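J.: Can you keep this structure in mind? I'll have questions shortly.
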């Protein structure tokens, strides 16, 4: 691997000022070419549940 995740995060950091942010790398597990466990082929939807939970809890505060 060529450190793509950290490179992308450092690039984004140059454009973000005074705001908390996070770079979430989902490219690797985002697509399956064959079924695996409970996941069918194609888009896995990885991260959707995580981000939904995060924003629901953020809106409560």
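Residue numbers (the numbering used here): -8 to 52. The beta-carbon is built from N, C-alpha and C at its ideal position, and this holds for glycine as well. Since we're looking at a predicted model, the values are computed, not measured.
#1: Evaluate the contact criterion for the segment 14 to 21 versus the segment 30 to 41: three or more CB pairs, one atom per stretch, below 8 Å.
#2: Using only CA atoms, which one of 30, 22, 32, 13 lies nearest to residue 42?
#3: Alpha carbon to alpha carbon, what distance is there between residue 51 and residue -1?
#4: From what residue to what residue does the alpha helix (DSSP H) around residue 10 run?
#5: Along the chain, where does the alpha helix (DSSP H) that runs through residue 42 open and close?
T.: Inspection of the coordinates gives the following:
#1: Yes: the two stretches touch, three or more of their Cβ pairs being nearer than 8 Å.
#2: Ranking 30, 22, 32, 13 by Cα distance to residue 42 puts 13 first.
#3: When only Cα atoms are considered, residue -1 and residue 51 end up about 30 Å apart.
#4: In this chain, residue 10 is not harboured by any alpha helix (DSSP H), its DSSP state being neither H nor E.
#5: Taken as a continuous stretch (DSSP letters only), the alpha helix (DSSP H) holding residue 42 covers 39 to 51.
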